[in-house]
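**Student:** Questions regarding the structure given below will be posed in turn.
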Amino acid sequence: MNPTRVARNLSTGAVTMIAAWSSWSHMVHVALKFGERPEVAYVLPISVDGMLVVASTAMVEDKLAGRSVRWSARVAFAVGVAASVAANIAAAHPTVGARTVAAWPALAMLLVVEILSRARPAPYREDPKTGSSGDEGRLGGTGPVVPVLADSGPTGDDTAVQRSDLDQVATDDDHPSAVNAMQRPRSRVGRAVDTVVRLRAERPDASLADIAAEAGVSERHVRRLLTSRT
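Using the working numbering, the first residue of the sequence shown is number 2, and each one after it goes up by one.
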């Protein structure tokens, strides 16, 4: 866990608790002083402190998400701080020092929330050891996502033609592995091609079905071979 983040969170929590307690006690004092019933006076500050918590949370979340801070959150937070400061000053002794001390917790919370709301997300950093960023662990990924396209794949006669074409293009220097992988099917495909060409030359009037039956291949394959030879 990041020590800086821990210190920031603890400090923010401490400032928030102090401001909330100060606001609550002063508002209760002011409410009772002006004749409010005790059961109302003791829960009235919760409406102000609760609004401050909701508004400050919304402001920080908007900023961390890269969005503009919503105006309603800023207005609610400003109104809550103003109410808290007013209650603190009203409950303090009528001196400048006492009122300044009483108003300070709410102002401290205002400054803390303003700092957090203006914080920027951490920039992208690549780990020199692994070549990946720290965001992958938070997102549950282990590396770049590579799309995989589904392919039904060639079947039957298409495979034979593709292998024959590959043999004609590949060389030992460019694709030695491809040539080695095609050595065995090459002889079979080559014999089929030679047989079809020979039968067409010997029997030019023969139908494609007859040539296919005698060569042991499909009629479609015969048509493709003869078309590629023309």
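Quick reminder that beta carbons are idealized off the backbone N, C-alpha and C, glycines included.
Given this structure, state the Cα-to-Cα distance separating residue 154 from residue 203, to the nearest angstrom.
**Tutor:** With a pLDDT of 49 at residue 154, under the threshold of 50, the modelled position of this residue cannot be trusted, and the question is left open.
**Student:** Classify residue 78: buried if its beta carbon has 16 or more other beta carbons within 10 angstroms, exposed otherwise.
**Tutor:** buried
**Student:** DSSP three-state call for residue 5: helix, strand or coil?
**Tutor:** helix
**Student:** Taking the alpha-carbon positions, what's the residue 14 to residue 54 distance?
**Tutor:** C-alpha separation (whole angstroms): 11 Å.
**Student:** Give me, in chain order, the residues of the same chain whose beta-carbon lies closer than 6 Å to that of residue 210; leave out the 5 immediate sequence neighbours on both sides.
**Tutor:** So the list reads 220, once near-sequence residues are dropped.
**Student:** Measuring straight from C-alpha to C-alpha, what distance separates residue 17 and residue 110?
**Tutor:** 6 Å
**Student:** Between the beta-carbon of residue 212 and the beta-carbon of residue 197, is there less than 8 Å?
**Tutor:** Cβ distance < 8 Å, so residue 212 and residue 197 count as in contact.
**Student:** In this structure, how does DSSP classify residue 96 when only helix, strand and coil are distinguished?
**Tutor:** coil
**Student:** Does the stretch 39-47 come into contact with the stretch 57-71, if we say contact requires no fewer than three beta-carbon pairs (one atom in each stretch) closer than 8 Å?
**Tutor:** no
**Student:** Below 8 Å between beta carbons: does that hold for residue 85 and residue 12?
**Tutor:** Taking 8 Å as the cut-off, the Cβ atoms of residue 85 and residue 12 do not count as close.
**Student:** Would you give the residue range spanned by the alpha helix (DSSP H) that residue 57 belongs to?
**Tutor:** 45-65
**Student:** So the candidates are 40, 216, 119; which of them puts its Cα closest to the Cα of residue 62?
**Tutor:** 119
**Student:** Identify which residue in 192, 36, 106, 21 has its Cα closest to the Cα of residue 218.
**Tutor:** The shortest C-alpha separation from residue 218 is found at 192.
**Student:** Taking buried to mean at least 16 other C-beta atoms within 10 Å of its own C-beta, is residue 83 buried or exposed?
**Tutor:** exposed
**Student:** Report the three-state DSSP secondary structure of residue 218 (helix, strand or coil).
**Tutor:** coil
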